[in-house]
Amino acid sequence: MTPAQTGTGRFRRSALLGAVVATALGGGAILAACGTGGGAGGQDGAAAGPARLSVADSYIPLPPAGGMAAGYLTVRNDGGQDQLLKVSSPAAESVTMHRSSASTMEQVDSLDVPAHGALQLARGGNHLMIMGWQKAPVLGDELELDLTFAKSGTISVKVPVKELTYRPGQS
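If you read the sequence shown in our numbering, its first letter stands for residue 117, the second for the next number, and so on.
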């Protein structure tokens, strides 16, 4: 082997070794940036931020003779996942959360509020049952509901009593 060929071989090995080291270091940096813990940098990073909740389209159809009533609303979420844990009212004995299907209605302990989504409480689906009104409601009354969330704390909303046939978004 000539001295020129030996120098070229050393250069190729050095270049190859440098490329391997650079690849290993770059890969390590990428792995470190991704993280392996359960923090916000993991797979659910977008959902791990704080929830940003607002309530819209709330209403209570006028119950017959002041009895049990259903409550409907939409909880919009522009942030991370949360969960509705409890609903109460200073003007009612109890407010419970229910899930309905075509043939059943069951009380539930909580309802999920998806990240960057909405929890809809609507006719035929998830809804509230309001019982033991302190005062028989009339059209135009507003009932205060206190919505308690796992991460966001409690949000108080005034929910109007509407006619039985009311549907949000329809004239």
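From the three backbone atoms N, C-alpha and C, an ideal C-beta is built for every residue, glycine too.
Note that the structure is predicted; figures quoted are calculated from it, not measured.
Local conformation of residue i per DSSP, three classes
i: A234; result: strand
i: P206; result: coil
i: A252; result: coil
i: A181; result: helix
i: S272; result: strand
i: Q223; result: strand
i: R192; result: strand
Contact test: residue i Cβ vs the ligand MG heavy atom, cutoff 7 Å
i: A238; result: You won't find the ligand MG in this model; it holds no ligand whatsoever.
Beta-carbon proximity check, residue i vs residue j, cutoff 8 Å
i: L200; j: M213; result: yes
i: H243; j: Y188; result: yes
i: S272; j: E260; result: yes
i: V277; j: L255; result: yes
i: G196; j: A231; result: yes
i: D257; j: V229; result: no
Selected residue, minimal CA-CA separation from residue i, among the options
i: E279; options: G248, A266 and P253; result: P253
i: A172; options: R239, R192 and A266; result: R192
i: T281; options: P180, S205 and Q250; result: P180
i: P166; options: Q223, T190, D194 and L178; result: D194
i: K274; options: A234, P206 and S210; result: P206
Per-residue burial, residue i [other beta carbons within 10 Å of its own, 16 or more giving buried]
i: V203; result: buried
i: D225; result: exposed
i: A218; result: exposed
For residue i, the first and last residue of its enclosing beta strand (DSSP E)
i: T264; result: E258 to F265
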